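Chains A, B, C and D, in that order, give the protein sequences.
Residue numbering for the first sequence follows the numbering used here, starting at 2 and increasing by one per position.
Residue numbering for the second sequence follows the numbering used here, starting at 2 and increasing by one per position.
Residue numbering for the third sequence follows the numbering used here, starting at 2 and increasing by one per position.
Residue numbering for the fourth sequence follows the numbering used here, starting at 2 and increasing by one per position.
The C-beta atom is built at its ideal place from N, Cα and C for all residues, glycine as well.
Since the structure is predicted, the reported quantities are computational estimates derived from the model, not experimental observations.
Contents: one structure, followed by commentary.
There are 4 protein chains.
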Amino acid sequence: MFDRDEPLWDRTLRRIRQIWPLGEQAARKNLVAPSLPDSDLPGLRRRIDACLEGRGGDVSARTRAALLGETYLTLDPGGRRRFLELLAREYDVDDEAVEKAATIRLQCTDEEERRRSNRDLRRLLEPRRTILLRQFNGLQEGVKFLVDLRAELLPMVGDDSALRSLDQDLLALLSSWFDVGFLDLQRITWETPAIILENLIKYEAVHAITSWRDLKHRLRQDRRCFAYFHPRMPREPLIFVEVALVNGIADNIHDLLDESGPTLSPTAADCAIFYSISNCQAGLAGVPFGNFLIKNVVKDLSDKLPNLKTFSTLSPIPGFLPYLRAQGETLQLTEKEERSLKEQGGDKPGEFFLRSLYNLEEHFQSEPQSPLKPILTRLCCDYLLNVKRGRQAHDRVCHFHLSNGARIERVNWGADRSAKGWQQSAGMMVNYLYQLSHIEKNHESYTGSGEVACSTAVARLARG
Amino acid sequence: MFDRDEPLWDRTLRRIRQIWPLGEQAARKNLVAPSLPDSDLPGLRRRIDACLEGRGGDVSARTRAALLGETYLTLDPGGRRRFLELLAREYDVDDEAVEKAATIRLQCTDEEERRRSNRDLRRLLEPRRTILLRQFNGLQEGVKFLVDLRAELLPMVGDDSALRSLDQDLLALLSSWFDVGFLDLQRITWETPAIILENLIKYEAVHAITSWRDLKHRLRQDRRCFAYFHPRMPREPLIFVEVALVNGIADNIHDLLDESGPTLSPTAADCAIFYSISNCQAGLAGVPFGNFLIKNVVKDLSDKLPNLKTFSTLSPIPGFLPYLRAQGETLQLTEKEERSLKEQGGDKPGEFFLRSLYNLEEHFQSEPQSPLKPILTRLCCDYLLNVKRGRQAHDRVCHFHLSNGARIERVNWGADRSAKGWQQSAGMMVNYLYQLSHIEKNHESYTGSGEVACSTAVARLARG
Amino acid sequence: MFDRDEPLWDRTLRRIRQIWPLGEQAARKNLVAPSLPDSDLPGLRRRIDACLEGRGGDVSARTRAALLGETYLTLDPGGRRRFLELLAREYDVDDEAVEKAATIRLQCTDEEERRRSNRDLRRLLEPRRTILLRQFNGLQEGVKFLVDLRAELLPMVGDDSALRSLDQDLLALLSSWFDVGFLDLQRITWETPAIILENLIKYEAVHAITSWRDLKHRLRQDRRCFAYFHPRMPREPLIFVEVALVNGIADNIHDLLDESGPTLSPTAADCAIFYSISNCQAGLAGVPFGNFLIKNVVKDLSDKLPNLKTFSTLSPIPGFLPYLRAQGETLQLTEKEERSLKEQGGDKPGEFFLRSLYNLEEHFQSEPQSPLKPILTRLCCDYLLNVKRGRQAHDRVCHFHLSNGARIERVNWGADRSAKGWQQSAGMMVNYLYQLSHIEKNHESYTGSGEVACSTAVARLARG
Amino acid sequence: MFDRDEPLWDRTLRRIRQIWPLGEQAARKNLVAPSLPDSDLPGLRRRIDACLEGRGGDVSARTRAALLGETYLTLDPGGRRRFLELLAREYDVDDEAVEKAATIRLQCTDEEERRRSNRDLRRLLEPRRTILLRQFNGLQEGVKFLVDLRAELLPMVGDDSALRSLDQDLLALLSSWFDVGFLDLQRITWETPAIILENLIKYEAVHAITSWRDLKHRLRQDRRCFAYFHPRMPREPLIFVEVALVNGIADNIHDLLDESGPTLSPTAADCAIFYSISNCQAGLAGVPFGNFLIKNVVKDLSDKLPNLKTFSTLSPIPGFLPYLRAQGETLQLTEKEERSLKEQGGDKPGEFFLRSLYNLEEHFQSEPQSPLKPILTRLCCDYLLNVKRGRQAHDRVCHFHLSNGARIERVNWGADRSAKGWQQSAGMMVNYLYQLSHIEKNHESYTGSGEVACSTAVARLARG
């Protein structure tokens, strides 16, 4: 999380002192041991209580909250866990009061009473700690502090219902603050401040950015990059998407990432390929932006570059190979497919096929027109269209785009020949097509009846 | 509220269409009659339901919400009330579900169950309409829309518990969005955009700004003006304060507002007088900023101008004269005071004094050293220190500053000789002193035991 | 010029001290008496010499120049004149050196020698004072200082060849610094800083802006205002133009300025009327911007609002009525015109007509369809097309637009019914049409052979 | 120079078309062959003439100039030379006219005549091509175009007096446009746009920046970097300086560049070390900024960080080793020095010393307390103080700082142990001290009498 040597936290502290001059002395008095031993807990409780009661007025309470935040940052991992558990267990709702109010509520007879009683009950059900959580917002970096706090909390939650409740408080607060209406959609270019670009390199989760040169390539004139920012975290992208402007729907990632490839004039391209979307803040898990990001970028691009006729992704299928392998011997090949494998696989084409899933790269390289290509393509189409978890597509990337209203347009073998590409997607990538006029209908069908929109070619391939 | 001819709403509509192209056609289909007759309600319910269910995906739902917002703006006052009542009554919490959950809650035995049940109950107690209210935030002007919506709702509430609940939903939402941590404190100068300055003229609530020339005077080099803004309402101040940099604590408002008065170098002043604070948005009633505004401005000024040693207000006492008059014959003068009135008041100095409260201006002008001066001064000190509503000071301005931690420093007669000044404050103004080192203690004493901080002079005067 | 109490100069002084800390003491030592008596001249010469020799290094020389600038500002009008005359007479070129170099130049035989000699001679012909003039640019407000210095110098020049030379140095310097390539074309709206808007009110030279309300009207959504700014004078417009977006070419100014008139959607207008162009800086007389301003605004508007098909001015004819009156009895009416005046003018229609030029307003009001209308229209067309000063149109506004490549489209009587309108233009206004496709040809014809482009209607009317 | 594939030039062209729509067709018609053969010259002359005569009006002339600029960029190196020679020879001053005017000038008798004649002559001595050069400024990138044009011209000049004249025209124009008063001094941080940081990496001329990581180190919180920018070249630094905030005057460059070194709080440093100054634009050779840059940075730093007491450089001595070697056998060692070398150099200490100049690094590494250290230190002090070219210090870096008013504070052996450091400066670096209170005097003494300011230690060492 925060590195105490970083200027970030210096800024926060400076800002704390701007808000109110409790002074460094006060700050120093409040120090606790990094492991937060039991002997430090009474003092900590007193300080939390002072915040919750707004002692000294709102401004002072926010300053105290800031100092508590600083205290948290001085703790070691064990101490931080104890701090969070303190919040989770001791500053939860007052169960007795809730029960009393619930009893009253159940006795209400007229409407007005019910309404008043509902409000009372609702207020009592908001844990006391939420006051403190909101107070952190007094700091310039307070929003980032809370986002990072939640990122630290998430792996601790497990089955602990108290920590889960704390997490839900944080999620509710962050969902309200990170409402998409408050976010700024910004284009990222080579003129963007280096500190933001450095963050892109750090957060890119799909196709790693290997150098500043690689990054510059991804920002050249026939590429686009957009990110959402929150006004109080102006250097921290929340999510970003990388787009290539090309002619025809791209069928592999390597051409797009090739730094030596020719540059196209943006006004000569007919197609925008969304080839990477990365969430940046672990602490914002569960706050949805991706849907808005893609659609707003589609809108922006089609306004500015009317030559663009097609908007498509080039996406991995991270669930595909794990799924195939899990199928094992139950995997069914068609007769024709078995025949095609005879030359290499002899009598046991099924076993041969399963083995080959462990060295797909070799197969691809030795014979690009491998008999594996049509088999994997068929299986992939089938996987995307028909394999489900409940009513959702089994592959999480696929589910994301289908629930956004996209359709499955094409699958491409050998499209991602990186180690990760082979190991997760069997070298496959999909194009999900975003057609403004069909998005709403596709979304409704998918979320309603689970129906998957796809091109006729993919439908045919899936049938084998 | 919104004038449909204003570019503001044009911008909103343009923005709606940017978000998602449901198109103008769709918008037109949705029109209802201005009075919102019963026959239009079913269609309206369907549209609200479509938003709440997120039909067509989040982006589409926000577009639908925007169109609903537009529909609201086409309604006449009666129609708007019906719209709000629909939200209040039909989109409230589901009482049956709440009761069921409350019953379950009361049967919980172990902690984990209790926590889960608390969360369920809490979720059910949030009225469904809050989803829609949040969706308005998709618009550029959506935040302002909600603020103005609440401004229209407030006068309707009265005793209607359903509308009160709707108001509380709005207040909760706006309190979260307008958390002071998200606001920008900006200095207003003669270089500020005219559209913002025009809003200052419109919103000034204490000493009316009579012309652009008057405004320019209030922004000259020995004056300061600061306002809070929300990032999504960049041209709309939320609250602003006007400050005069002078030598010695100012004892009347007229010298400060006099356009022909000499200009002081800001580095030669020893005193900052806060002479006007105005809340600008009726729809944000109950969201507290004033406390933060004054203290942050004190902090900013003392950083930039270390020559400033004293921070004081020059404030009206709007409750004073109404209070005196209400006292009527029960008002007690001291023997000495009665004697001083003998010359003018004859045998009945008390009656004379009460009569004189109706033409104070005349008394002031005819004899500045009026016997009324010491009497009113004593009564005023007494009023401020000793007259309460419950544990709060009776005068609301006084209560505001005392709860911020200020102390009563001095009262000044003839300090506001405007019509409003005579009628509300009997021509009196108070200096409330903000001393960084005492604010916290003063605040605690006042909010704790109701003890009022004041100068020894004021304490002595109050005793008579 | 500068008001020493203005923050402007405070800023300058603060900036001076930023550049180099000669300190206030140094500044004070340098003070001279406001009238710049002879006894102060030797000291002043020493200080100028120190700048010219760059004593103490470039940075110090600039500081000294700044202090000289400050000295200038302390002088009274007489003192300033003496200061300028000192610069003009004592810091001119060294005539002896020039003559020597000219003699050498005339003896040069080979090309290389000639070139070197040319360069030497050119250098010697640049007066020494230009070094000092450039040094003023070290100040933030130094550019404005020089512009205002020239504004003060211009009325002094008269026949004084030394002052004329100084003026030409200033003009050369300012022309280089105010090259249109360095200027920013900015749109002015109601969101522009008030300090700039206040300057528009001050500088508007054609149709006075009577109030902030009037100004706001001129910036509403179907109006446009653009100005050129220099990066070092960001609050001072250099020239600005006001445009109305309307349907059909406007035939009078009053409809455009009427604050209560209906507002048009900018995308519904077919015509942009340039109804006011004002130069703001007297000290930049002779530096041409108007040509660039109009054409760049035409370009900008036609890019952003493709619905605009016609770009026309609505311009006064300030030379018309003075010209008519100066004609006196030599003015020739046609037979038909004389007849039309018979009813009112009796036997002497010419005399009647001349008299009526002194109360045109009355004539216009009493009978809008006055016999004067066709006569004045004919005379006006004739004046614009045929009356010249040398090869230029006699009316200076007409000459400006014709040399920009516009054509005379229409003349309108009763188009400007203000006092100034009657007194200068006889109530007439002209529409000059800017057609992108004809501008270059029109410009060439007019600057080449003096040929005036006009509509056939105007040509016909001019013939009577 | 410009790469035609670069967006830079795309921007320029787009801008050209914004200025005036001569259209792409026109542009295409104007193409000449890359080598600019004789057959293309008449057409080129016609186009230049059209610009100089302002044909079609100012706006059109600027568009034509832009297209000429584009034509220049299509030429190969030979073609560009021919283009520049055409400008140099055919668009120079009209010698005949000059001679006529010079003759008239020599016959002038009265003052007024002389002045008018001076002005005429001066005007005639400005070559006609300067009109064209100014017109390039109509382009957004026109200023950069001219800077780069001069960078291409400079190596061609040699003894060619015509090209030299052209260069002087360009220098005069650029000196006026790049007057320091028009430049913006900007701090460079890790938040600066990447495109500017990339330019720093490219332009660093003293201690190469080896990676983005290295650059980030140089921008961390105890480092400072400042650059001058021109408003029309906002991404192109003109000159920049790198500063380290440290305790005590730094005695070697390696500690400063060490990425793993500890970071100091800026408010804890007492000393600012200017360790690198780089000019960025070859085409601005002869336009002085360095003097202003250092002094303004000293001013800025001492304002913001009053804890900084000492401002010093850590500078190379590029002329030192070449000078020593050139001395060869005439180099005189003191008796004591010869003795110290006896152990290693035997009988011929002088020869040994000269040989050791070729492998200083080895000597330094094998015995840090080498006898070479005092000898080189003495010789270096002597070199800096006493070796001159005319009245200037022989070493150009030394001359730069002395003429700025700095003094020689200390010389440090082994301070720059890079290959360049050994080869140019014999591993030595100097601290030049900038003391605000002495700068002016030092400058005067040095530029006046050539007297060199130095610490007493250096003076003593130089005496040996």
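field: Short CB-CB distance (under 7 Å) between B:I210 and chain C
entry: Interface flag for B:I210 against chain C is unset, since no Cβ pair is found closer than 7 Å.
- request: Put C:H255 into one of helix, strand or coil per three-state DSSP.
  value: helix
- prompt: For a contact meaning CB atoms closer than 8 Å, what does A:E205 contact in chain D?
  reply: Ordered by position in chain D, no residue passes the 8 Å Cβ test against A:E205, which lies about 16 Å from the chain.
- request: Kindly indicate which residue of C:G465, C:A163, C:L147 has the alpha-carbon position closest to the one of C:E86.
  value: C:A163
- prompt: Considering only C-alpha positions, which residue in the set B:P35, B:R106, B:L133 is nearest to B:R56?
  reply: B:L133
message: Just to confirm, is the Cβ distance from A:V244 to A:F290 under 7 Å?
response: No, the pair does not count as a contact, with Cβ atoms beyond the cut-off.
- prompt: Does the count of Cβ pairs from the stretch 432-440 of chain A and the stretch 304-318 of chain A closer than 8 Å reach three?
  reply: yes
message: Please report whether the beta-carbon of D:P317 lies at a distance below 7 Å from any beta-carbon of chain C.
response: no
- prompt: Can you list, in chain order, the residues of its chain whose CB lies under 6 Å from that of C:P319, leaving out five sequence neighbours each side?
  reply: Q425
- request: Please compile the residues from chain C whose C-beta is within a distance smaller than 9 Å of the C-beta of D:T104.
  value: A103, L107
field: Interface residues of chain A facing B:A163 [CB-CB closer than 9 Å]
entry: E112, E113, R116
- prompt: If you measure beta-carbon to beta-carbon, which residues of the stretch 137-151 of chain A are closer than 7 Å to chain B?
  reply: Cβ contacts with chain B: N138, G139, G143.
query: Is the Cβ of B:P307 closer than 7 Å to any Cβ of chain C?
result: no
query: Do the stretch 123-138 of chain A and the stretch 158-174 of chain A meet, that is, are 3 or more Cβ pairs less than 8 Å apart?
result: yes
query: Candidates A:W423, A:C272, A:W191: which alpha carbon is nearest A:K365's?
result: Here residue 365 of chain A is Phe; the residue named in the question, Lys, does not match the sequence. Per the Cα distances, A:W423.
message: Strictly below 8 Å CB to CB, what residues from chain C border B:L198?
response: A195
- request: Mind checking the stretch 285-301 of chain A against chain B and listing, in chain order, the residues whose C-beta falls within less than 8 Å of any C-beta there?
  value: P289, N292, F293, K296, N297, K300
- prompt: When the distance is taken between beta carbons, is A:L220 closer than 7 Å to A:T190?
  reply: yes
task: Return the CA-CA distance between A:R135 and A:L174, expressed in angstroms with no decimal places.
output: 8 Å
message: Pull the bridge partners of D:S313 from the DSSP assignment, please.
response: D:I274, D:L434
field: Terminal residues of the beta strand (DSSP E) in which B:Y359 lies
entry: Premise fails: B:Y359 is in no beta strand (DSSP E) and is neither H nor E.
message: Output needed for C:D252: all residues of its chain with C-beta closer than 7 Å, excluding positions within five of it in sequence on either side, in chain order.
response: N413, A416
field: Residues within the stretch 89-101 of chain A neighbouring chain B, beta-carbon criterion of under 7 Å
entry: V94, D96, V99, E100
field: Sequence-distant residues of the same chain with beta carbon closer than 8 Å to A:R214, five excluded per side
entry: E260
- prompt: Hey, how far is the Cα of C:P263 from the Cα of B:Q282?
  reply: 30 Å
query: Who are the neighbours of C:P232 on chain D, taking C-beta pairs under 8 Å?
result: F183, P232
- request: Output the distance between the C-alpha atoms of A:S419 and A:R356, rounded to the nearest integer angstrom.
  value: Distance between the alpha carbons of A:S419 and A:R356: 19 Å.
- request: Would you mind listing the alpha helix (DSSP H) stretches within the stretch 95-160 of chain A that are 4+ residues and don't spill past its ends, in chain order?
  value: 96-108, 112-125, 130-136, 143-158
query: Between the C-alpha atoms of A:R115 and A:C109, what's the straight-line distance to the nearest angstrom?
result: For A:R115 and A:C109, the distance between alpha carbons rounds to 6 Å.
field: Rounded straight-line distance, which links the Cα of B:Y359 to that of B:P323
entry: 11 Å
field: Residue closest to A:Q222, alpha-carbon to alpha-carbon, out of A:R392, A:Y204, A:A269, A:V144
entry: Of the candidates A:R392, A:Y204, A:A269, A:V144, the residue whose Cα lies closest to the Cα of A:Q222 is A:A269.
message: Suppose you measure from the CA of C:R233 to the CA of B:F146; what does that come to, to the nearest Å?
response: 40 Å
field: Cβ pair A:P369, A:L342 closer than 7 Å
entry: no
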